[in-house]
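Chemist:
Numbering (my numbering), first residue to last: 230 to 563.
Below is the structure:
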């Protein structure tokens, strides 16, 4: 049964890859808006707050089930809320986290050959069957009292399936280094596991590929334009979420064609303004900021009429290009 399930996974993943190469999805699979190359049987399963641990859902092309399979990328406002408990109509749900950018990454997908991936991280210790091994991150932490997570576990930790702790690092302060996150927008879209838009009713940032405006690296960049903002005091907001127990450094390349006071670009960290860029430059410029420990929301806000000009003066100055661009976004955790 295990070999059959693994073969089905390999076949499904191969079909999805073929669909990506051809720009279409194979029969029986559907494409997903915002996830080019993601072909799945049921798009509604993506981002529903319950990890679908097998391919084609839990793959890089599908943003690892749109974030469902790692605790720090799972959307708590989703249908299942990432924390479904025993006694309900659905489950069990676990967290088969193979996204290397997640702070909960710890599973070696190739070596963790278990029959039921959804059992990993569900709160019940599966002592046998290959689950409680380093390759499977010791059943996603389920088998030790200090690593089992009661907030996200489907079953009550240690209740019906007693702990069988063989993790040598259990009870120790862990200092596993987190990998760098880098985004050059070369996929042609925003990775929804890390990026989001604020629905202000105004314009949104877009990933562009403009031969007349070279990117800082590669061929793509993120862009917001004043002309797309209808409201006289509107804005386009792009958010990026970072998390690190020791903080880190955020860096990005920026290019602006803005003119004060008609428009500007504001960088915010948790709603706090840390930089306002109003100059016009054709060259890309590196910006760097230290980020404190914990979880944070980084926002790039392209604002129209931040100087609160009266309508007649604003009309006279609307020949401004009004463009903000970012590229080569990197977060390096300490």
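Heads up, the beta-carbon is just placed ideally off N, CA and C, and yes, glycines get one too.
Would you list the one or two residues that DSSP bridges to residue 292?
Modeler: Position 63 of the chain shown, counted from the start, is the residue given in the question as residue 292. None, per the DSSP bridge assignment.
Chemist: Determine the extent of the alpha helix (DSSP H) in which residue 368 is found, giving its start and end residues.
Modeler: Taking the chain shown and counting its residues from 1, one reaches residue 368 at position 139. Unbroken alpha helix (DSSP H) run through residue 368: 366-369.
Chemist: For the beta strand (DSSP E) containing residue 330, list its first residue and its last residue.
Modeler: For the purposes of this step, residue 330 is taken as the residue at position 101 of the chain shown. Neither: residue 330 is in no beta strand (DSSP E) and is coded neither H nor E.
Chemist: I'd like the list of long-range same chain contacts for residue 342, defined as Cβ closer than 6 Å, with 5 residues on each side in sequence excluded.
Modeler: Counting from 1 along the chain shown, the entry for residue 342 is found at position 113. Counting only Cβ-Cβ distances below 6 Å, and skipping sequence neighbours, we find nothing.
Chemist: Looking at residue 524 and residue 480, is the spacing between their C-beta atoms short of 8 Å?
Modeler: Locating residue 480 in the chain shown gives position 251, counting from the first residue. Locating residue 524 in the chain shown gives position 295, counting from the first residue. No; because the gap between Cβ atoms is not below 8 Å, this pair is not in contact.
Chemist: Given that a residue counts as buried once 16 or more other Cβ atoms are within 10 Å of its Cβ, and exposed if not, what is residue 276?
Modeler: Against the chain shown, residue 276 aligns to sequence position 47. That one is buried.
Chemist: Counting only runs that start and end within the segment 489-527, where is the beta strand (DSSP E) found for 3 or more residues in a row?
Modeler: List check, beta strand (DSSP E) in window: 492-498, 501-506, 514-520.
Chemist: Three-state secondary structure (DSSP) at residue 357?
Modeler: Along the chain shown, read from residue 1 onward, the residue named residue 357 stands at position 128. Residue 357 falls in the coil class under three-state DSSP.
Chemist: What separation, rounded to the nearest whole angstrom, lies between the Cα atoms of residue 551 and residue 453?
Modeler: Translated into the one-based positions of the chain shown, residue 551 becomes position 322. Translated into the one-based positions of the chain shown, residue 453 becomes position 224. If you take the alpha carbons of residue 551 and residue 453, they lie about 8 Å apart.
Chemist: What residues are listed by DSSP as bridge partners for residue 374?
Modeler: Numbered from 1 along the chain shown, position 145 holds the residue referred to as residue 374. DSSP lists no partner for residue 374.
Chemist: Identify whether residue 348 lies in helix, strand or coil by the three-state DSSP scheme.
Modeler: Here the question's residue 348 lines up with position 119 in the chain shown. Helix at residue 348.
Chemist: Just to confirm the assignment, what range does the beta strand (DSSP E) spanning residue 453 have?
Modeler: Numbered from its first residue, the chain shown carries residue 453 at position 224. Element bounds for residue 453: 450-454.
Chemist: Give me the Cα-Cα distance between residue 315 and residue 410, rounded to the nearest whole angstrom.
Modeler: Residue 315 sits at position 86 when you count from the first residue of the chain shown. Residue 410 sits at position 181 when you count from the first residue of the chain shown. Taking the straight line joining both Cα atoms gives about 35 Å.
Chemist: Select from 290, 323, 534 the residue whose C-alpha is nearest the C-alpha of residue 211.
Modeler: What is shown of the chain runs 230 to 563, which leaves residue 211 out entirely.
Chemist: Return the CA-CA distance between residue 424 and residue 264, expressed in angstroms with no decimal places.
Modeler: Taking the chain shown and counting its residues from 1, the one referred to as residue 424 is at position 195. Taking the chain shown and counting its residues from 1, the one referred to as residue 264 is at position 35. Between residue 424 and residue 264, the C-alpha separation is close to 13 Å.
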